[in-house]
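S.K.: Handing you a structure now.
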Amino acid sequence: MTKQDVGVEKLSFYTPSYSIDIHELAIARNMPPEKWEKGLGQQQMSVITPHEDIVTMAYEAALDILTVEDRSHIGLLLFATETGIDFSKAAGIYLHELLKLSPSCRVLEVKQACYAATGSLQLACDFVRSNPDKKALVVSSDIAWYGFKSAGEVTQGCGSIAMLVSNQPNVCSVEQGQVYTENVPDFYRPSFSEVPFVDGKMSIKSYLSLLKKVFKPSSLDYFCFHMPFATMGDKANKALGDEQIPAERLEWSKEFGKLVGNIYNGSLYLSLLSLIAYADTSLAGKQIGMFSYGSGAIGEFFKLQINKNYKQAALVGLVQERILNRRALSFNEYEELWTIFSEREGAVQYSPVASYQSPSLRIALEKVENGHRSYRLINDD
Ligand code: COA
Numbered sequence: 196m197t198k199q200d201v202g203v204e205k206l207s208f209y210t211p212s213y214s215i216d217i218h219e220l221a222i223a224r225n226m227p228p229e230k231w232e233k234g235l236g237q238q239q240m241s242v243i244t245p246h247e248d249i250v251t252m253a254y255e256a257a258l259d260i261l262t263v264e265d266r267s268h269i270g271l272l273l274f275a276t277e278t279g280i281d282f283s284k285a286a287g288i289y290l291h292e293l294l295k296l297s298p299s300c301r302v303l304e305v306k307q308a309c310y311a312a313t314g315s316l317q318l319a320c321d322f323v324r325s326n327p328d329k330k331a332l333v334v335s336s337d338i339a340w341y342g343f344k345s346a347g348e349v350t351q352g353c354g355s356i357a358m359l360v361s362n363q364p365n366v367c368s369v370e371q372g373q374v375y376t377e378n379v380p381d382f383y384r385p386s387f388s389e390v391p392f393v394d395g396k397m398s399i400k401s402y403l404s405l406l407k408k409v410f411k412p413s414s415l416d417y418f419c420f421h422m423p424f425a426t427m428g429d430k431a432n433k434a435l436g437d438e439q440i441p442a443e444r445l446e447w448s449k450e451f452g453k454l455v456g457n458i459y460n461g462s463l464y465l466s467l468l469s470l471i472a473y474a475d476t477s478l479a480g481k482q483i484g485m486f487s488y489g490s491g492a493i494g495e496f497f498k499l500q501i502n503k504n505y506k507q508a509a510l511v512g513l514v515q516e517r518i519l520n521r522r523a524l525s526f527n528e529y530e531e532l533w534t535i536f537s538e539r540e541g542a543v544q545y546s547p548v549a550s551y552q553s554p555s556l557r558i559a560l561e562k563v564e565n566g567h568r569s570y571r572l573i574n575d576d
């Protein structure tokens with residue numbers, strides 16, 4: 196690690212404490228389970244609770260990694276999401292208050308489908324390069340909701356990634372990437388719609404086309420791909436031809452996503468955490484190729500170098516425990532929770548029902564009043 200290195204100092208992931216089994220969902224939808232389990236590679240998906248939203252999930256992930264001293268050095272907070280709760284005020288303003296960040300910290304919400312977290316990470320690295328005494332906080336927080344019985348229902352999920360970016364990149368150094376932007380109508384959610392309009396096949400085609408445009412062959416040992424479903428990683432790896440990596444190395448990066456489902460912006464970074472958790476050799480010093488895709492569309496390929504303290508600095512033990520300890524919902528409970536979510540998002544007034552509040556929550560959405568959200572800290576020790 197040289198002095199000029201910039202990248203991720205600490206990394207964590209939060210997902211709610213409830214999940215649905217994909218096999219059970221397939222049976223309930225009269226779908227052959229092997230289509231979703233083998234064809235898309237999914238096993239479970241996280242489900243949002245009545246007390247949680249993009250702000251609470253972002254807070255949970257950020258709280259895992261930030262000391263009081265870190266907070267005083269953060270000069271930039273970028274909140275990447277395509278599940279915005281307001282067309283005007285940035286969700287990061289709530290997070291800024293909850294985390295007690297400095298009033299001189301600049302806060303922006305960043306949107307470009309599933310690419311915004313990567314764009315934010317690169318902008319945060321540039322910020323640190325020009326302000327080496329400061330740090331930046333990048334969070335992604337999304338709730339992927341396509342609607343009951345839609346083609347995308349199996350590719351739902353929810354979760355938040357938090358990355359502290361600084362010139363002490365204990366997890367990994369981040370290199371500048373190669374970007375390709377073009378206007379593609381594969382996925383969009385106009386303001387009148389609660390769910391996105393998706394042409395899944397066009398999206399996959401555009402994803403692979405942009406990957407080929409930005410990929411630079413350089414004998415990398417590992418890849419992490421944006422994976423809205425696990426077999427998207429196989430398609431991406433195969434598209435790299437002679438440069439593809441052996442299947443088992445790709446499998447390591449897929450494990451968490453298979454259990455959590457689609458978390459939009461955080462998906463690529465969940466792949467990275469999964470690789471760190473499951474790789475059977477040390478990743479220290481290894482170069483990882485990262486491909487980020489956001490419908491609409493932008494593709495970026497960039498490299499990470501994993502640094503020697505990566506295991507402690509990426510909270511994989513905590514993340515794994517969080518994912519493996521979720522309670523499995525029945526199909527009826529699954530429908531109940533997503534119904535509460537979809538009705539709440541458009542509501543002017545809302546108070547969460549008492550059930551489903553996990554004892555491990557450190558923050559809860561208290562209410563929506565005149566469209567304004569308020570939050571209650573439960574335990575931030
Ligand atoms: N057993 C095993 N595999 C099966 C199967 C069965 N009984 N039936 C179908 N499959 C396979 C198909 O061959 C296909 O694999 P392939 O693409 O490698 O050929 C896979 O399962 C999915 O089948 P498909 O018919 O394409 O599914 P779908 O029409 O339901 O669409 C998505 C799948 C992902 C496109 C859809 O869920 C979607 O639009 N999701 C949201 C958007 C998204 O995730 N976009 C991705 C790019 S960002």
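Numbering (the numbering used here), first residue to last: 196 to 576.
A virtual CB, placed ideally from N, CA and C, is assigned to each residue, including glycine.
#1: What are the boundary residues of the alpha helix (DSSP H) that L290 is part of?
#2: On the three-pair Cβ rule with 8 Å, is the segment 275–289 touching the segment 336–344?
#3: Can you tell me the Cα-Cα spacing of F451 and L468, whole angstroms?
#4: Does the beta carbon of E229 fall short of 7 Å from some heavy atom of ligand 1?
#5: Going residue by residue through the segment 294–347, where are the continuous alpha helix (DSSP H) segments of at least 4 residues, counting only ones entirely within it?
#6: Mind checking which residues open and close the beta strand (DSSP E) that includes F424?
#7: Can you have a look at R521 and say buried or exposed, based on whether 16 or more other CB atoms are within 10 angstroms of its CB?
#8: Take S414 as the anchor and find which of P227, G484 and I518 has the nearest alpha-carbon.
#9: Taking the alpha carbon of I573 as the reference point, which residue from H567, N565, S553 and E564 has its own alpha carbon closest?
#10: Measuring alpha carbon to alpha carbon, tell me which of G287, Y289, Y529 and T476 ends up nearest Y213.
#11: Which runs of the beta strand (DSSP E) fall wholly inside the segment 225–257 and span at least 3 residues, in chain order?
#12: Note the first and the last residue of the continuous beta strand (DSSP E) segment covering F497.
#13: Figure out for me which residue from A256, S241, Q307 and E219 has the closest Cα to the Cα of A492.
#14: Just to confirm, are L220 and V349 a CB contact at a threshold of 8 Å?
#15: Are three or more beta carbon pairs between the segment 321–334 and the segment 396–410 nearer than 8 Å?
#16: Can the beta-carbon of G202 be found closer than 8 Å to that of V390?
#17: State the CB to CB distance for the pair A479 and N502, rounded to an integer number of angstroms; the pair is presumed to be in contact (CB under 8 Å).
#18: Are G236 and K453 touching if we call contact CB-CB under 8 Å?
#19: Restricting to runs no shorter than 4 residues, where is the alpha helix (DSSP H) found entirely within the segment 382–458?
#20: Tell me where the beta strand (DSSP E) around L359 begins and ends.
#21: What does DSSP give as the partner residues of D265 in its beta bridges?
#22: Under 8 Å, do L271 and C300 count as touching if we go by C-beta distance?
#23: Three-state secondary structure (DSSP) at F282?
#24: Check E204 in the structure and name its three-state DSSP category.
#25: So V305 and S315 are in contact, right, with Cβ under 8 Å, and what is the actual spacing, rounded?
#26: Take F343 as the anchor and find which of S487, Q317, L532 and P211 has the nearest alpha-carbon.
#27: Hey, T251 and Y551: beta-carbon distance below 8 Å or not?
#28: In this structure, how does DSSP classify I471 when only helix, strand and coil are distinguished?
#29: Note down the Cα distance separating V242 from S525, rounded to an integer number of angstroms.
#30: Within the present structure, is the beta-carbon of D488 separated from the nearest heavy atom of ligand 1 by less than 7 Å?
#31: Which value, in whole angstroms, describes the spacing of the CA atoms of V379 and V263?
#32: Closer than 6 Å by C-beta to R568: which residues in its own chain qualify, once you throw out the five before and the five after it? Chain order, please.
#33: Spatial neighbours of G489 within its chain, please: C-beta separation below 6 Å, excluding the five flanking residues on both sides.
#34: Helix or strand or just coil, what does DSSP make of R517?
M.R.: Once the coordinates are examined:
#1: A286 to L293
#2: yes
#3: 8 Å
#4: yes
#5: 311–325
#6: Premise fails: F424 is in no beta strand (DSSP E) and is neither H nor E.
#7: buried
#8: G484
#9: S553
#10: Y529
#11: 239–241
#12: I493 to I501
#13: Q307
#14: yes
#15: no
#16: no
#17: 7 Å
#18: yes
#19: 395–409, 425–434 and 442–455
#20: G352 to S361
#21: In DSSP, D265 forms no bridge with anything.
#22: yes
#23: coil
#24: strand
#25: 5 Å
#26: L532
#27: no
#28: helix
#29: 11 Å
#30: The displayed chain sequence assigns Tyr, not Asp, to residue 488. Yes, the beta carbon of Y488 sits closer than 7 Å to at least one heavy atom of ligand 1.
#31: 43 Å
#32: none
#33: Q307, A308, C309 and Y310
#34: helix
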